[in-house]
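For reference, the structure is listed below as structure tokens.
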Amino acid sequence: MVKTLQNKFKTNSKGFILKILGIFMLLGVLSSNVKATHMMGADITYYCLGNNKFNIIIKLYRDCRGVAIGAPSSTITCASNNNTIASFTPTEIKVRDITPTCSSTGKACNPPNTYGTGKGIEEHTYSYTYDFTTVKKNGCCRVRIGTGQCCRNGAITTGAASANFFTYAEFDICNAKCNSSPSLTTEPIALICCNQPYYYNNGASDTTDLDSLSYEWGNPLQSWGSNTTWSGSFSSKMPFSVYWPSGYDKSKGPKPDANPPIGLYLDPETGDLIFTPTDCNESTVAVIQVTEWRKDSSGKWKDIGVTRRDVQFWVETCPGNNPPTLNGPYKYDVCAGNAICFTITSDDKQFIPPPPAKANPPDTVRLTWNRGIPGGTFTIVNTKARLQSGKFCWTPKKNQASDLPYTFTVTARDNSCPLNAVTVKSYSVKVKHIAEADRNVDTFACGKYYVESNPFPNFKGSPSYFWEVTDTNNQLLNKSYYYFKPSNSLYSNKKSDTIQFRKGGKYIIHHRI
């Protein structure tokens, strides 16, 4: 439930001086706490504009109960020696409330960027353009964009309360020319329901350069090179109190497919974050780091950039609602050049309270996707249904075959009040190389032909071969026309073989691999 912070003061003529003094003392305490309550997180992305110019986008996430936020003090440094290249103040271009409230509740952060409006999350977007031409000429290839300000929320329970805030992004401006960072297409869902499964994905998507992405936990920072401290057993890789069944062997690791999910799971390939929070009063900080990879001229994978999302999470009791679910399978395969379509269905188990309370009507679930695969389509099958389904279709091109999967995310949002429950899951499609080969045909005397198949270098596995001959109408022929030597057969399963033709004419030699 959205709560509004209210401060009420009463005065009368008796003890007026004492009352006023008390008010100023209280205001002093509130001012100190408020300064430490507004920074909930940030992320930095960058987009190449050409000619060594980049548009830098900084998003700050504000706790709406805290003081107003200002433009962040930001720097550009050379990552190899940590020398400052430039300091800048970006221009704010957008402010929006991203609290997942239902339509009847209204906005939690209204008016925007105002102290004490309510428990909600506000996204502030800043922009700055910089020309790196001189930086490259001076021999700096790896640059770091850093931003920070005071302070993290004073209510954090896992160790970073009131610490300074800092985060960064890094990228290569020499070896990955005009490279743009992946976009983080999913809003941070910072309000988590206690003892309910939590499925989330930042929706990192590189539809510009189609680089490969990997995911890992990062350290929350106070400044460059200075990590925040953790209390108890919490750490950057275990920032939440999560469900572990009694007697469970934690050395076996998490089980994200269990019901409810066991342990804390971050998929390094898709970025899916899955767990069941168990401390209903927990406020913590987590950083998911996205690394961008590209093959160099020798075919080796190289790290060309790092993007981080640093966000504070609140864990709360959410009575009377179950979160929506997105059904699998979540991983698919297709051969390059072939079409693939599959339907994603949703569900939302109705919450049934104990008698004599009555259950609320079942929730509706609406689906959206992040357009993570260029050329793919996602169509809502049943726009008026209570539980929507979406159909994804895509025909990857031959040159899109890859050992790493293509991914997109789907968001399911229900209509529960006062807060919508939100689930975000990734779906991946691995595009396999089609079997291709060069075919060589040599002509000998007396109607003999030598055929040979040479698989392409990227062929995976052990090839199998098939040869046969038809007429120009693709009709099969008998041995009065041809046969393979020395097997005397109408077909061959060899890599290379000899065909003996007995009659003149036009023929088609077919080969499958």
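For what it's worth, the working numbering labels the leading residue of the sequence shown as 616, then goes sequentially.
Just so it is clear, CB atoms sit at the ideal spot from N, CA and C, and this is done for glycine as well.
This structure is a prediction, so every number in the text was calculated from the model and none was measured.
**Q.** K917 - partner residues in DSSP beta bridges
**A.** For the purposes of this step, residue 917 is taken as residue 302 along the sequence shown, with counting starting at 1. Looking at the DSSP assignment, K917 forms a beta bridge with R909.
Q: Flag P934 as yes when its Cβ comes closer than 8 Å to any non-hydrogen atom of the ligand ADP, and as no otherwise.
A: Only the bare structure without any ligand can be found here, which leaves the ligand ADP out of the picture.
Q. Cβ atoms of D887 and P869: under 9 Å apart, would you say?
A. Looking up residue 869 in the sequence shown gives position 254. Looking up residue 887 in the sequence shown gives position 272. Their beta carbons are not under 9 Å apart, which means P869 does not touch D887 by this criterion.
Q: State the Cα-Cα distance for the pair D929 and K668, rounded to the nearest angstrom.
A: As a first step, residue 929 is located in the sequence shown; it is residue number 314 there, counting from the start. As a first step, residue 668 is located in the sequence shown; it is residue number 53 there, counting from the start. Sequence check: residue 929 is Trp here, not Asp. So the alpha carbons of these two residues sit roughly 38 Å apart.
**Q.** C933 classed as buried or exposed, judged by whether at least 16 other C-beta atoms fall within 10 angstroms
**A.** Within the sequence shown, the letter at position 318 stands for residue 933. Classification for C933: buried.
Q: Provide the residue span of the alpha helix (DSSP H) that contains V750, from first to last.
A: Residue numbering aside, residue 750 sits at position 135 when the sequence shown is read from its first letter. That run of the alpha helix (DSSP H) goes T748 to K752.
Q) How close, in whole Å, do the beta carbons of W908 and S827 come, if the pair is a contact with beta carbons under 8 Å? A) Locating residue 908 in the sequence shown gives position 293, counting from the first residue. Locating residue 827 in the sequence shown gives position 212, counting from the first residue. Sure, about 4 Å apart at Cβ, within 8 Å.
Q: Would you kindly work out how many angstroms separate the C-alpha atoms of K751 and Q837, rounded to a whole number?
A: Numbered from its first residue, the sequence shown carries residue 751 at position 136. Numbered from its first residue, the sequence shown carries residue 837 at position 222. Going by the C-alpha atoms only, they are around 29 Å apart.
Q.
Distance check for D894 and S861, CA to CA, integer angstroms please.
A. Taking the first residue of the sequence shown as 1, we reach residue 861 at position 246. Taking the first residue of the sequence shown as 1, we reach residue 894 at position 279. Between S861 and D894, the C-alpha separation is close to 16 Å.
Q: Could you say which of P968, A819, I959 and N790 lies nearest to S1150 if we only look at CA atoms?
A: With the chain covering 616 to 1128 only, the question about residue 1150 has no answer from this structure.
Q.
Within a Cβ cutoff of 6 Å, which residues of the same chain sit near Y1065, ignoring the five residues on either side of it in sequence?
A. As a working note, residue 1065 is residue 450 in the sequence shown. The residues are D1057 and T1113.
Q | Cβ-based neighbour list, N816, same chain, cut-off 8 Å, excluding 5 preceding and 5 following | A | Looking up residue 816 in the sequence shown gives position 201. Closer than 8 Å at Cβ, skipping near neighbours: T801, T885, G886, D887, L888, T1024, V1039, K1040 and S1041.
Q) For V926, is the classification buried or exposed, using 16 other Cβ atoms within 10 angstroms of its Cβ as the cut-off for buried? A) Here residue 926 refers to the residue found at position 311 of the sequence shown. Buried, since its Cβ has 16 or more Cβ neighbours within 10 Å.
Q. What are the complete beta strand (DSSP E) segments, minimum 3 residues, inside the segment 965–1021?
A. 980–984, 992–995 and 1004–1009
Q: Check K1047 in the structure and name its three-state DSSP category.
A: Counting from 1 along the sequence shown, the entry for residue 1047 is found at position 432. Three-state DSSP puts K1047 in a strand.
Q: Give every residue of the same chain whose Cβ lies closer than 7 Å to the Cβ of S795, excluding the five residues on either side of it in the sequence, and list them in chain order.
A: The residue labelled residue 795 in the question sits at position 180 within the sequence shown. The answer, listed in chain order, is Y661, Y662, C663, T823 and D824.
Q: Measure how close the beta-carbons of I659 and S742 come, nearest whole angstrom, since I'm counting them as under 8 Å.
A: As a first step, residue 659 is located in the sequence shown; it is residue number 44 there, counting from the start. As a first step, residue 742 is located in the sequence shown; it is residue number 127 there, counting from the start. Incorrect: roughly 11 Å between the Cβ atoms, too far for contact.
Q: In angstroms with no decimal places, state the Cα-to-Cα distance between Q904 and G920.
A: The residue labelled residue 904 in the question sits at position 289 within the sequence shown. The residue labelled residue 920 in the question sits at position 305 within the sequence shown. Roughly 10 Å separates the two Cα atoms.
Q: Would you kindly check if the distance between the Cβ of A686 and the Cβ of C755 is under 9 Å?
A: Along the sequence shown, read from residue 1 onward, the residue named residue 755 stands at position 140. Along the sequence shown, read from residue 1 onward, the residue named residue 686 stands at position 71. No, the Cβ-Cβ distance between C755 and A686 is not below 9 Å.
Q. Which stretch, first to last residue, makes up the beta strand (DSSP E) that contains V949?
A. Position 334 of the sequence shown, counted from the first residue, corresponds to residue 949. Start and end: K946 to C950.
Q. Nearest-angstrom Cα distance between E931 and I771?
A. In the sequence shown, counting from the first residue as 1, residue 931 sits at position 316. In the sequence shown, counting from the first residue as 1, residue 771 sits at position 156. Their backbone Cα atoms lie some 13 Å apart in a straight line.
**Q.** Straight-line Cα distance separating N1073 from G987
**A.** Residue numbering aside, residue 987 sits at position 372 when the sequence shown is read from its first letter. Residue numbering aside, residue 1073 sits at position 458 when the sequence shown is read from its first letter. The alpha-carbon atoms of G987 and N1073 are separated by roughly 26 Å.
Q) Can you check whether the CB of C808 is closer than 9 Å to the CB of N697? A) Taking the sequence shown and counting its residues from 1, the one referred to as residue 697 is at position 82. Taking the sequence shown and counting its residues from 1, the one referred to as residue 808 is at position 193. Not closer than 9 Å, so no.
(Q) Suppose you measure from the CA of M640 to the CA of S898; what does that come to, to the nearest Å? (A) For the purposes of this step, residue 640 is taken as residue 25 along the sequence shown, with counting starting at 1. For the purposes of this step, residue 898 is taken as residue 283 along the sequence shown, with counting starting at 1. In this prediction, M640 scores a pLDDT of 34, lower than 50, which makes its location untrustworthy; the coordinate-derived value is nonetheless stated afterwards. Their backbone Cα atoms lie some 28 Å apart in a straight line.
(Q) Taking the straight line between their C-alpha atoms, what separation do you get for A1016 and V1046? (A) Translated into the one-based positions of the sequence shown, residue 1016 becomes position 401. Translated into the one-based positions of the sequence shown, residue 1046 becomes position 431. Distance between the alpha carbons of A1016 and V1046 is about 5 Å.
Q | Three-way DSSP call (helix, strand, coil) for S820 in this model | A | As a position in the sequence shown, residue 820 is number 205, starting the count at 1. Residue state, collapsed to three classes: strand.
Q) How close, in whole Å, do the beta carbons of A775 and T843 come, if the pair is a contact with beta carbons under 8 Å? A) Along the sequence shown, one-based indexing puts residue 775 at 160. Along the sequence shown, one-based indexing puts residue 843 at 228. Rounded, the Cβ-Cβ distance is 4 Å, consistent with contact.
Q) So, helix, strand or coil for S866, using DSSP? A) Locating residue 866 in the sequence shown gives position 251, where the first residue counts as 1. Of the three classes helix, strand and coil, the one that applies to S866 here is helix, per DSSP.
Q.
Along the chain, where does the beta strand (DSSP E) containing Y1146 start, and where does it finish?
A. It is not possible to answer for residue 1146, since the shown part of the chain is limited to 616 through 1128.
(Q) According to DSSP, simplified to helix, strand and coil, what is V902? (A) Numbered from its first residue, the sequence shown carries residue 902 at position 287. Strand at V902.
Q: Have a look at K1100 and N1108 and give me their C-alpha separation to the nearest angstrom.
A: On the sequence shown, position 485 is the one that residue 1100 refers to. On the sequence shown, position 493 is the one that residue 1108 refers to. Each residue's Cα considered, the two are about 12 Å apart.
Q | Burial state of Q1003 (16 or more Cβ within 10 Å) | A | Within the sequence shown, residue 1003 is the residue found at index 388, counting from 1. It is buried - the Cβ of Q1003 has at least 16 other Cβ atoms within 10 Å.
(Q) Assuming M654 is part of the beta strand (DSSP E), what are its boundary residues? (A) By one-based count along the sequence shown, residue 654 stands at place 39. Run containing M654: M654 to G665, per the beta strand (DSSP E) assignment.
Q) For G833, does the three-state DSSP call read helix, strand or coil? A) In the sequence shown, the residue the question calls residue 833 occupies position 218. Strand, per DSSP.
Q. Taking C-alpha atoms, which residue in Y783, K1075, G878 and S798 lies nearest to P835?
A. To locate residue 835, count along the sequence shown from 1; it is residue 220. It is Y783.
Q | V1037 burial status per 10 Å Cβ neighbour count (16 or more: buried) | A | What you label residue 1037 is simply residue 422 of the sequence shown in a count that begins at 1. With 16 or more Cβ atoms within 10 Å of its Cβ, V1037 is classed as buried.
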